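Below you'll find the structure, written out as structure tokens, and then a few comments.
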Amino acid sequence: MTPRQPAASMPESIRHVLRAKQHPARSVACPHCGAAAHLPCVVRTRNTVLSQPHSQRVSDWAQATACCPDCQVTPEVPCHEDGRARRTVHARRYQEAEATAA
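For what it's worth, our numbering labels the leading residue of the sequence shown as 4, then goes sequentially.
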């Protein structure tokens, strides 16, 4: 019997392909339910796993990954309207983030 070699860590490129069936917003933590990155969102009162992430998680993901064509801000900068930061991102920023993830 040969000695067993330690398992190598999985390269990020392969890990990304294996997670392709999940919503890309799962790459960030959920501010609504507190789910960690790469884990599904849950309803804490019923302890149920949701099939889709919370809308605030999707908004945070879009803000972290895409530039906004409407207000011309870079990733990580919140969208704004008339000088005030928005709670969510513009619809075109969602589209930009989805195109980036594809």
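C-beta: ideal position from N, C-alpha, C; glycine also.
Keep in mind it's a predicted model, so treat the numbers as computed, not measured.
Judging by CA-CA distance, which residue of the options is the nearest neighbour of residue i?
i: H93; options: R29, C36 and S58; result: S58
i: T48; options: Q98, Q75, Q55 and H35; result: H35
i: R18; options: P78, H41, P72 and R90; result: H41
Between the beta-carbon of residue i and the beta-carbon of residue j, is there less than 7 Å?
i: A104; j: P27; result: yes
i: V52; j: P43; result: yes
i: A69; j: R95; result: no
Is residue i helix, strand or coil by DSSP?
i: A38; result: coil
i: A88; result: strand
i: T68; result: helix
i: V31; result: coil
i: V80; result: coil
Taking residue i as part of the alpha helix (DSSP H), name the residues at either end of that continuous run.
i: E101; result: A94 to A104
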